[in-house]
Amino acid sequence: GHMDIGPRTPRDFEVFPHIEKLEGRISGEQILCGRGLVNVYRAVAKADGKPSPFTTPAEVTAAALAKTDPVAQEALETFVTCLGRTAGDHLESRQCRTIRVME
């Protein structure tokens with residue numbers, strides 16, 4: 710949670726300045742939770758000058774999965790990408806050699 714998450718792609722550099730920060734930085738808590746998805750959604754909308762009518766993670770997720778709101782779709786994609794990056798960084802920092810995926 711307290712691990713910093715930073716922009717990596719040109720699009721990240723457009724969106725991340727609009728993500729709500731705590732104590733001057735963007736940490737896992739700002740993105741990788743329910744309120745974090747809404748935070749990312751609002752940041753994507755603000756970066757593009759578009760409205761952000763959804764206020765709950767469920768609304769953002771539903772619109773993204775239904776493909777009815779491109780901002781929600783990008784927010785969910787960004788959320789999942791950041792989750793994957795963070796998981797990969799965590800595993801690498803622990804020098805993990807094997808990953809077990811449970812179904």
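In my numbering, the protein residues as written are 710 to 812. Glycine residues also receive a C-beta, built at the ideal position from the N, C-alpha and C atoms.
Using only the alpha-carbon positions, how far apart do residue i and residue j sit?
| i | j | result |
| --- | --- | --- |
| Y750 | I740 | 10 Å |
| P779 | P762 | 13 Å |
| T765 | T718 | 26 Å |
| E732 | G745 | 16 Å |
| M811 | R734 | 33 Å |
| G737 | A775 | 26 Å |
| A773 | P716 | 22 Å |
| G710 | K759 | A caution first: G710 carries a pLDDT of 49, below 50, which makes its placement in the model unreliable, though a value can still be read off. Cα to Cα, G710 sits roughly 29 Å from K759. |
| V832 | K730 | Examination of residue 832 is not possible in this model, given that the chain is present from 710 through 812 alone. |
| G797 | P726 | 23 Å |
Indicate the three-state DSSP secondary structure (helix, strand or coil) for residue i in the structure shown.
| i | result |
| --- | --- |
| R734 | strand |
| D778 | coil |
| F722 | helix |
| E786 | helix |
| P766 | helix |
| H727 | helix |
| R809 | coil |
Candidates the options: which alpha carbon is nearest residue i's?
| i | options | result |
| --- | --- | --- |
| D698 | I714, M712, T795, R720 | With the chain covering only 710 through 812, there is no way to say anything about residue 698. |
| C742 | P726, G797, A767 | A767 |
Are residue i and residue j touching if we call contact CB-CB under 8 Å?
| i | j | result |
| --- | --- | --- |
| T787 | V724 | yes |
| A754 | I728 | no |
| L792 | T770 | no |
| I714 | T777 | no |
Per DSSP, residue i forms a beta bridge with which residues?
| i | result |
| --- | --- |
| D757 | Answer is none; D757 lacks a bridge partner. |
| D713 | S736 |
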